[in-house]
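Asks:
Number of protein chains: 2
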Amino acid sequence: MTTPTPPRATGDRRTRRREATRRKLIDAGRSLFASQGVDATRINEITELADVGFGSFYNHFTDKDELVDAVMMEVAEEQGSIVDEATGGFDDPAAVVAFAHAHFVRLAREDPSFGQLLIRLDASHRVMSEALGPRALRDIQKGLDSGRFTFEPATAAVLATGGALLGTMRGVVDGVLGPDADRVHAAAVLRMLGLEPKDAEETARSAV
Amino acid sequence: MTTPTPPRATGDRRTRRREATRRKLIDAGRSLFASQGVDATRINEITELADVGFGSFYNHFTDKDELVDAVMMEVAEEQGSIVDEATGGFDDPAAVVAFAHAHFVRLAREDPSFGQLLIRLDASHRVMSEALGPRALRDIQKGLDSGRFTFEPATAAVLATGGALLGTMRGVVDGVLGPDADRVHAAAVLRMLGLEPKDAEETARSAV
Numbered sequence: 000m001t002t003p004t005p006p007r008a009t010g011d012r013r014t015r016r017r018e019a020t021r022r023k024l025i026d027a028g029r030s031l032f033a034s035q036g037v038d039a040t041r042i043n044e045i046t047e048l049a050d051v052g053f054g055s056f057y058n059h060f061t062d063k064d065e066l067v068d069a070v071m072m073e074v075a076e077e078q079g080s081i082v083d084e085a086t087g088g089f090d091d092p093a094a095v096v097a098f099a100h101a102h103f104v105r106l107a108r109e110d111p112s113f114g115q116l117l118i119r120l121d122a123s124h125r126v127m128s129e130a131l132g133p134r135a136l137r138d139i140q141k142g143l144d145s146g147r148f149t150f151e152p153a154t155a156a157v158l159a160t161g162g163a164l165l166g167t168m169r170g171v172v173d174g175v176l177g178p179d180a181d182r183v184h185a186a187a188v189l190r191m192l193g194l195e196p197k198d199a200e201e202t203a204r205s206a207v
Numbered sequence: 000m001t002t003p004t005p006p007r008a009t010g011d012r013r014t015r016r017r018e019a020t021r022r023k024l025i026d027a028g029r030s031l032f033a034s035q036g037v038d039a040t041r042i043n044e045i046t047e048l049a050d051v052g053f054g055s056f057y058n059h060f061t062d063k064d065e066l067v068d069a070v071m072m073e074v075a076e077e078q079g080s081i082v083d084e085a086t087g088g089f090d091d092p093a094a095v096v097a098f099a100h101a102h103f104v105r106l107a108r109e110d111p112s113f114g115q116l117l118i119r120l121d122a123s124h125r126v127m128s129e130a131l132g133p134r135a136l137r138d139i140q141k142g143l144d145s146g147r148f149t150f151e152p153a154t155a156a157v158l159a160t161g162g163a164l165l166g167t168m169r170g171v172v173d174g175v176l177g178p179d180a181d182r183v184h185a186a187a188v189l190r191m192l193g194l195e196p197k198d199a200e201e202t203a204r205s206a207v
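Chains as they are written, first to last, in numbering that gives the first Met the number 0: chain A, 0 to 207; chain B, 0 to 207.
#1: What distance in whole Å lies between the Cβ atoms of GLU76(B) and ILE25(B), which are believed to be in contact at a cut-off of 8 Å?
#2: Determine the direct distance from the alpha carbon of LEU48(B) to that of SER112(A), and round the result to whole angstroms.
#3: Closer than 9 Å, Cβ to Cβ, to anything on chain A: give me those residues from the stretch 72-85 of chain B, in chain order.
#4: Sort ASP138(B), LEU165(B) and THR14(B) by Cα distance to ARG108(B) and report the nearest one.
#5: In whole angstroms, what separates the C-alpha of GLU129(A) from that of ARG17(A)?
#6: If the cut is a Cβ gap below 7 Å, which residues of chain A does VAL175(B) touch?
#7: Below 8 Å on the Cβ atoms is my guess for GLY36(A) versus GLN115(A); work out the distance and round it to an integer in Å.
#8: Taking only beta-carbon positions, decide if GLU65(B) is within less than 9 Å of chain A.
#9: Would you say PHE150(A) faces chain B, with C-beta separation under 9 Å as the test?
#10: In angstroms with no decimal places, state the Cα-to-Cα distance between ILE42(A) and ALA19(A).
#11: To the nearest whole angstrom, what separates the beta carbons of ARG169(B) and LEU117(B), a pair I think is in contact under 8 Å?
#12: In chain A, which residues lie less than 8 Å from MET191(B) when you measure between Cβ atoms?
#13: Just to confirm my understanding: we take ALA206(A), look at its own chain, exclude 5 residues before and 5 after, and list those with CB closer than 6 Å. What are they?
#14: How should GLY161(B) be labelled, buried or exposed, when 16 other C-beta atoms within 10 angstroms of its C-beta is the threshold for buried?
#15: Would the stretch 186-194 of chain B count as touching the stretch 171-178 of chain B if we require 3 or more Cβ pairs under 8 Å?
#16: In its own chain, which residues sit with a C-beta less than 7 Å from the C-beta of GLU44(A), not counting the 5 before and 5 after it?
#17: To be precise: take each residue of the stretch 124-143 of chain B, compare its Cβ to all Cβ atoms of chain A, and keep it if any distance is under 7 Å. Which residues remain?
#18: Between GLY54(B) and chain A, is any beta-carbon pair separated by less than 9 Å?
#19: With 9 Å as the threshold, decide whether the Cβ of HIS184(A) is near any Cβ in chain B.
#20: Excluding the 5 residues preceding and the 5 following ALA199(A) in the sequence, name in chain order all residues of the same chain whose CB lies nearer than 6 Å to its CB.
#21: Between THR40(A) and chain B, is the shortest Cβ-Cβ distance under 9 Å, so that the two count as touching?
#22: Closest to ARG125(B) by C-alpha separation, out of LEU194(B), ARG12(B), VAL67(B) and ALA155(B), would be which residue?
#23: Flag this pair as yes or no: are the beta carbons of THR167(B) and ALA135(A) separated by less than 9 Å?
#24: Given a threshold of 16 other Cβ atoms within 10 Å of its Cβ, counted over all protein chains shown, does PHE53(A) qualify as buried or as exposed?
#25: In chain order, what are the residue ranges of uninterrupted alpha helix (DSSP H) at least 4 long that sit wholly in the stretch 147-188 of chain B?
#26: Straight-line CA distance for THR202(A) to SER145(A)?
#27: State yes or no: is the beta carbon of GLY88(A) nearer than 9 Å to at least one beta carbon in chain B?
#28: Are any of the Cβ atoms in chain A nearer than 9 Å to that of THR61(B)?
#29: Any C-beta of chain A sitting closer than 9 Å to the C-beta of PRO196(B)?
#30: Since ASP64(B) is in the alpha helix (DSSP H), which residue starts that stretch and which ends it?
Written as structure tokens, this is what we have:
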């Protein structure tokens with residue numbers, strides 16, 4: 000008779016506790032970054048709010064920037080899902096892209112946590128690419144396949160339109176763009192993807 | 000008889016020595032960043048190459064990033080002047096913008112120092128804006144005034160097209176774009192500014 004393998008209860012429980020602590024740190028970081036910005040937030044404030052020991056921060060993150068990364072990835076992923084949900088029934092690939100871009104421009108204006116994170120531009124570029132790049136590639140490829148867009152290859156289009164979005168979002172956070180920045184930006188992106196100017200304007204107006 | 004004011008020889012000489020040291024540090028930094036990248040470069044390597052004392056680095060720069068900033072500002076300013084010189088006689092504001100954008104995309108591919116600096120994206124955004132933002136605003140405003148461009152206000156156009164340029168340059172440095180990335184990007188920017196797709200394509204082809 001072979002010895003039965005003992006259940007790995009300790010490993011699972013340890014994993015669950017690790018994930019619970021990580022979750023508390025991310026939530027606390029997100030909340031503090033939103034209310035007071037990344038630079039003004041100290042790690043001990045994060046661990047205080049998360050109700051975990053100061054040292055345990057470093058079991059999860061090398062430094063504050065790594066936590067900023069994690070928070071931004073989550074926010075971008077959440078928002079990406081929201082956009083996917085909202086545009087799932089759209090027929091027109093251009094309407095999908097217009098909606099998605101306008102959504103993020105509005106987010107930059109209305110969501111303090113997102114705005115504060117965007118100010119850390121290096122993290123923004125990398126995180127936005129990782130979290131949203133695949134969605135952007137998918138949406139743009141659809142438009143190219145259907146002939147709606149002409150900017151190819153898709154990779155070049157994703158990089159240029161994604162970069163334009165970051166530029167516009169920075170302008171919104173810096174307060175130098177008007178209330179219609181979302182629609183203006185969306186139309187501009189559609190033109191960049193190959194739509195005739197009138198078409199881009201009309202599509203942006205109805206989608207945004 | 001009034002006492003003659005002594006000449007301020009010491010102040011001028013001190014200033015000249017300060018500027019000479021700063022110049023040596025910037026040149027050394029630029030050279031090392033180009034050959035081995037920013038992260039791999041230590042401050043003592045910079046002061047060694049500059050042939051100045053290690054401590055004097057800190058009389059000029061708070062840290063390495065501040066030197067990266069200064070180097071990038073210079074490179075951007077130099078390249079901006081080169082573009083101004085090259086496009087001074089152009090009649091078409093769209094040709095000016097196409098040339099300028101293509102120039103920087105090519106620079107990202109061919110100039111290791113520029114590429115290495117671009118990887119520090121946060122510095123890139125800020126420096127590119129400060130050094131080149133005014134030129135971009137000037138060129139885009141000309142196009143708007145003449146009716147060649149329709150993307151307004153100029154600020155929104157500068158932010159979106161500038162952001163697109165950063166995105167494309169990152170793609171070039173990461174090696175994911177083809178050899179025609181400069182022309183493709185230039186045409187995309189002209190479409191974004193309001194040119195009909197055929198017009199954008201032709202203008203980019205002849206200007207780039």
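Here a beta-carbon is modelled for each residue, glycine too, at the ideal position from N, C-alpha and C. Note that the structure is predicted; figures quoted are calculated from it, not measured.
Replies: Quick look at the numbers:
#1: At roughly 12 Å, the Cβ-Cβ gap does not stay under 8 Å, so ILE25(B) and GLU76(B) are not in contact.
#2: 44 Å
#3: none
#4: LEU165(B)
#5: 24 Å
#6: THR154
#7: 5 Å
#8: no
#9: yes
#10: 18 Å
#11: 7 Å
#12: ALA163, ALA187, VAL188, ARG190 and MET191
#13: ALA94, ALA97 and PHE98
#14: buried
#15: no
#16: LEU31
#17: HIS124
#18: no
#19: yes
#20: ALA186, LEU189 and ARG190
#21: no
#22: VAL67(B)
#23: no
#24: exposed
#25: 153-172
#26: 16 Å
#27: no
#28: no
#29: yes
#30: 63-86
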